[in-house]
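See structure below.
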Ligand code: FRU
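Residue numbers (our numbering): 18 to 553.
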């Protein structure tokens with residue numbers, strides 16, 4: 018009897034021990050699964066379908082973009098060791114169409130002159146720099162700011178340096194006589210943007226110096242002469258001036274051309290934090306002067322921003338990328354210094370905007386910059402749904418994810434005979450109850466984005482506490498718009514690109530339904546076309 022009891026006890030003990038082992042294994046598995054869910058959900062939920070992100074860690078401004086031999090190059094401010102800003106390098110990616118990108122090894126590392134801040138790169142077709150090798154392809158010359166912290170202070174010494182590449186931008190050699198521009202007086206002195214001035218057979222360069230832009234010229238990219246400056250007391254000055262760009266654009270439908278100056282500013286953007294303003298005028302080879310009408314309009318109301326959304330900063334144009342219509346191609350950093358380092362992604366931080374084509378147009382109110390997604394995105398269109406003549410008398414579902422995956426879509430719409438008493442609100446929603454509202458308020462004459470309930474918003478008080486607004490400049494009685502949707506971003510191009518708003522968001526589940534609702538008055542949605550964008 019005793020032995021039987023003994024045996025039963027031993028058996029129980031064994032079963033107990035085995036079940037304990039099972040438990041601990043299950044616990045481990047649970048933990049592992051949970052970890053996977055965490056990483057999985059960050060990748061699946063937040064890694065954009067088509068906007069460029071580095072595989073790992075921190076990115077800010079786009080740098081040194083040039084086109085050569087079939088490839089668009091994109092360098093970027095990069096901190097390879099962490100997901101917040103730190104010692105800057107130039108990361109590198111290439112693309113054949115500015116839409117899908119392949120990340121390459123880091124192109125520029127910090128050195129004894131400092132870390133590698135923003136700058137530009139040009140293809141030196143005529144080998145004016147002498148950096149090219151005989152019978153080889155043209156050298157690519159990068160010009161950037163070397164930024165070095167002055168020991169024991171919070172100040173930085175900023176000088177301009179160059180580096181050249183004889184393998185089409187893959188690897189660079191730093192110039193032995195760097196820095197090529199030194200200025201001992203200025204604390205903020207950075208972000209050189211070089212371009213070829215064909216009319217005067219020379220290189221030109223603009224750089225940001227605190228509250229103004231300085232203009233330079235050079236014959237060989239090594240010796241630079243100061244020409245003039247522009248900007249003190251003009252335009253927005255709510256923060257430091259950064260990342261300029263300067264180029265000539267044809268005015269659509271005319272044979273006139275005008276010079277455009279981009280100036281990023283942080284803070285001081287129209288909706289808080291970082292944003293990019295622009296100025297239109299003429300250039301006599303030495304001095305940029307604003308167009309008289311433009312200057313008057315700017316003084317009356319400063320609404321000359323490339324993008325009114327909170328998330329398009331430090332954008333500049335591609336060099337050596339010629340377009341049939343003379344337009345410029347650009348890309349911007351899709352974040353804002355107010356909260357970029359706190360957004361809820363851990364593996365990487367920040368994405369770029371979609372690449373855009375920039376043009377100039379003139380209407381009753383003078384010159385205005387228009388920007389639109391580059392045409393190349395249309396090559397990714399897949400399934401299309403088109404709807405016409407929908408009466409919107411109450412909140413009406415337009416489409417949901419059973420038909421089109423709204424985390425990778427391009428939508429165009431038209432509403433005619435706008436009613437001055439109404440507003441037009443689109444709503445993206447998901448099963449977690451998150452919603453992103455955007456549209457046009459005709460009563461206030463404002464476009465808007467409201468991300469206050471868009472998902473994770475409390476990582477920064479500046480992220481969603483205010484509704485983003487943009488004045489409508491067009492007086493057209495019809496409203497047309499293009500909407501680009503990715504998992505964590507929306508890019509809105511209204512009135513043919515005259516008013517643009519770009520913003521990011523972090524929903525708790527993918528957005529899966531788009532609806533439209535009226536305020537006060539019903540209206541007719543003339544057409545809406547939803548294109549699936551496929552990237553695989
Ligand atoms: C703009 C900027 C530039 C600077 C870089 C540093 O976002 O502040 O002026 O070169 O970022 O990463």
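Glycine included, each C-beta is placed from N, C-alpha and C at the ideal position. These figures come from a predicted structure and were not determined experimentally.
query                                                                                                                                                             : result
In three-state DSSP terms, what is residue 323?                                                                                                                   : coil
Please report the straight-line C-alpha distance between residue 144 and residue 189, rounded to a whole angstrom.                                                : 16 Å
Mind checking whether the beta-carbon of residue 78 lies closer than 8 Å to any heavy atom of the ligand FRU?                                                     : yes
Taking 8 Å as the line, does the beta carbon of residue 92 fall inside it for any heavy atom of the ligand FRU?                                                   : no
Within 10 angstroms of its Cβ, does residue 16 collect 16 or more other Cβ (buried), or is it exposed?                                                            : With the chain represented from 18 up to 553, any question about residue 16 goes unanswered, as that position is not in the structure.
In the DSSP output, which residue or residues are listed as bridge partners for residue 165?                                                                      : 174
Taking the beta strand (DSSP E) that residue 226 belongs to, which residues open and close that run?                                                              : Where residue 226 is concerned, there is no enclosing beta strand (DSSP E), given that its DSSP letter is neither H nor E.
Under 9 Å, do residue 410 and residue 549 count as touching if we go by C-beta distance?                                                                          : no
Short check: CB of residue 228 to CB of residue 276, under 9 Å?                                                                                                   : no
At 4 residues or longer, and completely inside the segment 343-409: list those alpha helix (DSSP H) runs for me, N to C.                                          : none
Suppose you measure from the CA of residue 455 to the CA of residue 198; what does that come to, to the nearest Å?                                                : 46 Å
For a minimum of 3 consecutive residues, which ranges assigned as the beta strand (DSSP E) are wholly contained in the segment 191-244?                           : 207-214, 219-225 and 230-235
Report buried or exposed for residue 101, applying the criterion of at least 16 other Cβ atoms within 10 angstroms of its Cβ.                                     : exposed
When the Cα atoms are used, what is the spatial distance from residue 133 to residue 372?                                                                         : 24 Å
Is there at least one non-hydrogen atom of the ligand FRU closer than 8 Å to the beta-carbon of residue 350?                                                      : yes
CA-CA distance, residue 113 and residue 342?                                                                                                                      : 20 Å
Among 443, 365, 233 and 485, which has the Cα closest to the Cα of residue 305?                                                                                   : 233
With residue 552 and residue 172 assumed to form a contact (beta carbons below 8 Å), what rounded beta-carbon distance in angstroms separates them?               : Their Cβ separation, rounded to whole angstroms, is 44 Å, which puts residue 552 and residue 172 out of contact at 8 Å.
Relative to the ligand FRU, is the shortest distance from any of its heavy atoms to the C-beta of residue 330 smaller than 8 Å?                                   : yes
Which residues mark the beginning and the end of the alpha helix (DSSP H) in which residue 315 is found?                                                          : 309-317
Are the segment 462-480 and the segment 350-357 touching by the rule of at least three beta carbon pairs closer than 8 Å?                                         : yes
Name, in chain order, the residues that DSSP records as bridge partners for residue 518.                                                                          : 509
How would you call residue 332, buried or exposed, if buried means at least 16 neighbouring beta carbons within 10 angstroms?                                     : buried
Given a cut-off of 9 Å, decide if residue 428 and residue 280 are closer than it, judged by their beta-carbon atoms.                                              : no
May I ask you to check if the CB of residue 307 is nearer than 8 Å to at least one heavy atom of the ligand FRU?                                                  : no
Given a threshold of 16 other Cβ atoms within 10 Å of its Cβ, counted over all protein chains shown, does residue 243 qualify as buried or as exposed?            : exposed
Three or more C-beta pairs under 8 Å: does that hold for the segment 397-412 against the segment 364-384?                                                         : no
Compute the beta-carbon to beta-carbon distance between residue 310 and residue 383, rounded to the nearest angstrom, for a pair I have assumed lies under 8 Å.   : 5 Å
Rounded to whole angstroms, what's the CA-CA distance from residue 448 to residue 76? Just pull it up for me.                                                     : 31 Å
Judging by CA-CA distance, which residue of 300, 512, 256 and 270 is the nearest neighbour of residue 294?                                                        : 256
May I ask you to report which of helix, strand or coil DSSP gives residue 544?                                                                                    : strand
Cβ of residue 508 within 9 Å of Cβ of residue 370?                                                                                                                : yes
Run the CB neighbour count on residue 70, radius 10 Å, all protein chains shown included, and call it buried at 16 or more, exposed below.                        : buried
Relative to the ligand FRU, is the shortest distance from any of its heavy atoms to the C-beta of residue 105 smaller than 8 Å?                                   : yes
Using a Cβ-Cβ cutoff of less than 7 Å, which residues in the same chain neighbour residue 185 once the five nearest sequence positions on both sides are dropped? : 85, 86, 154 and 157
Measuring only the C-alpha atoms, how far is residue 490 from residue 528?                                                                                        : 30 Å
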